[in-house]
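Here the structure is laid out as structure tokens; the discussion comes afterwards.
Residue numbers (the working numbering): 5 to 89.
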């Protein structure tokens, strides 16, 4: 049976030095750029809007019927006018 390349004694010291170095470099990179990951509101105000609506068919197939789809489109358009994009 052949040994795996990563399991040979010749490569272990190399891997034992490189893997921690890569982990530390990745952690430092994430720490430096962490503030840019999350969206920041421009004016300091953040608005969350939750809506629940639906008209499901009596069969209960999980899809909206025409009335529910039209209501969803109308609510989306009205929400954009009230709260912006």
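Note that the Cβ used here is the ideal one computed from N, Cα and C, for glycine as well.
For residue j and residue i, believed in contact at Cβ under 8 Å, the rounded distance
i, j, result
"residue 68", "residue 76", "7 Å"
"residue 33", "residue 87", "So it is not a contact: roughly 35 Å between Cβ atoms."
"residue 53", "residue 83", "6 Å"
First and last residue of the uninterrupted alpha helix (DSSP H) at residue i
i, result
"residue 81", "70-87"
Residue j beta carbon less than 7 Å from that of residue i
i, j, result
"residue 79", "residue 55", "yes"
Three-state secondary structure (DSSP) of residue i
i, result
"residue 33", "helix"
"residue 23", "helix"
"residue 62", "coil"
"residue 53", "coil"
"residue 39", "helix"
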